[in-house]
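Encoded as structure tokens, the structure appears first; notes follow it.
Residue numbers (the numbering used here): 1078 to 1256.
Written out as structure tokens, the structure is:
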């Protein structure tokens, strides 16, 4: 499987999970009535805006997808700065506060952003990882060390240039110059 295909699968799952999480957080008056069995009457007061959920994401691609899905229904924040490496990331105090206030955290998983779990130990936020329920293939480097190059390095065997370098034998121009 190519890197692009694998990446697309990961981000497709993020889109699905983010959309599902956002959809589950919203309630409609009809759903509330069905649960309580009570009917509400229309009030002339303006409707209150539903509270936006706070979503924290670990890396930019996940942030971008979540922000596009959520639109104005959620406050989506990015923990790391774009371009930072998740392998060397160290959380600042403001990052820890931001993540602790999140209702939902979207992470890649697969030990890429392992540090997010340490940041939310005391938080009630749900961490959704892209690699959940995905059986990853073992990583196999597509490029060998090419150890068998030694077999092909003996170019002298295939180099017939020495045999054909004696161009004087085939140079019959002197014989035909008496025209």
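Ideal Cβ placement from N, Cα and C applies to all residues, glycine included.
Since we're looking at a predicted model, the values are computed, not measured.
Looking at the backbone, the Cα of residue 1144 and that of residue 1132 are separated by about 9 Å. DSSP, reduced to helix, strand and coil, places residue 1131 within a strand of the structure shown.
Beta-bridge annotation (DSSP): residue 1153 is paired with 1132. Note on residue 1142: 16 or more other CB atoms within 10 angstroms of its CB, so buried under the neighbour-count rule.
Residue pairing from DSSP places residue 1203 in a beta bridge opposite 1181. Out of 1179, 1201 and 1205, the CA that lies nearest to the CA of residue 1187 is found in 1205.
Residue 1140 carries a helical assignment under DSSP once its states are collapsed to helix, strand and coil.
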